[in-house]
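Undergrad: The working numbering puts the first residue of the sequence shown at 748, with every later residue one more than the last. Even for Gly, the Cβ is constructed at its ideal location relative to N, Cα and C. Keep in mind it's a predicted model, so treat the numbers as computed, not measured.
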Amino acid sequence: MRGLVDGLHNPHPLLAILPGLYADDDLAVRLTGVFDEALAPVVSTLDNFPAYLDPALAPSDFVSLLGAWVGAFTDARIPISRQRLLVAAAVELHRSRGAASALRETLRLACGVDTEIFESGGTAWSAEAQSSPPGEAVPRLVVRVPEEADEAVVRRIVEALRPANLPARIEVVEVGDDPVQ
């Protein structure tokens, strides 16, 4: 909490801007001292405001608020260092939201693991009419994650970022398993 920093001083003491007559008044000196002590955290916060907008420099308790501003996926179970990465990459991830690449990158940033994502759909072009459509008839999304990933966090990310029409299944695999069936 920034308001409880010991020894934090107002860089612009109020007594210094008052006429010299008040410097001799004990009550004025004590009152301005109390006001300076109360204003010091506010002045410090405003002086350092650009740092609050940088996910790498923002105070830990401000990162989730910053993440809400940019629409980043944040969760209390994700370590603060990984939350900072998610907030920093939020705009880039929004560009490809709903795509497997954005889901894969979000899982990598949040959990620190590489995932494999299989989806049933596809796109194709053909010069011949009546060609069969690509993909499978039943839409699905399969996300394979290593066992060291936090499954609850993975599930929340997949549910939040998958396309609404696509049912998802999460498979936890041991490292070294052959991902291709």
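Mapping the DSSP letters down to three states, classify LEU888 as helix, strand or coil.
TA: strand
Undergrad: Give the single residue among LEU888, SER807, VAL892 and ALA899 whose Cα lies nearest to the Cα of GLY845.
TA: LEU888
Undergrad: With a threshold of 8 angstroms on Cβ separation, who are the neighbours of LEU804 within its own chain once the five nearest residues in sequence on each side are excluded?
TA: If we look at LEU804 and ignore the five residues flanking it on each side, its Cβ neighbours are ALA798.
Undergrad: Checking the sheet assignment: what are the DSSP bridge partners for VAL922?
TA: Looking at the DSSP assignment, VAL922 forms no beta bridge with any residue, so it has no partner.
Undergrad: In whole angstroms, give me the CA-to-CA distance for ALA837 and GLN830.
TA: 10 angstroms
Undergrad: Ends of the beta strand (DSSP E) at GLU866?
TA: 863–866
Undergrad: Put ALA899 into one of helix, strand or coil per three-state DSSP.
TA: It is helical.
Undergrad: Which residue wins for smallest C-alpha separation from ALA787, given the options VAL919, SER843, PRO910 and PRO758?
TA: PRO758
Undergrad: In chain order, what residues of the same chain have a beta carbon less than 7 angstroms from the beta carbon of LEU840, not counting five sequence neighbours either side?
TA: ALA849, GLU852 and THR853
Undergrad: Could you check if MET748 is buried or exposed, using at least 16 other CB atoms within 10 Å of its CB as the buried criterion?
TA: Note that MET748 scores 49 on pLDDT, short of 50, meaning its location in the model is unreliable; the coordinates nonetheless yield the value given after this. So MET748 counts as exposed.
Undergrad: When DSSP labels each residue in this structure, what does PRO893 get in the three-state scheme?
TA: strand
Undergrad: Would you tell me roughly how many angstroms separate the C-alpha atoms of CYS858 and VAL922, rounded to the nearest one?
TA: 15 angstroms
Undergrad: Give me the Cβ distance between LEU833 and ALA819, rounded to the nearest whole Å; I'm assuming they're in contact under 8 angstroms.
TA: 5 angstroms
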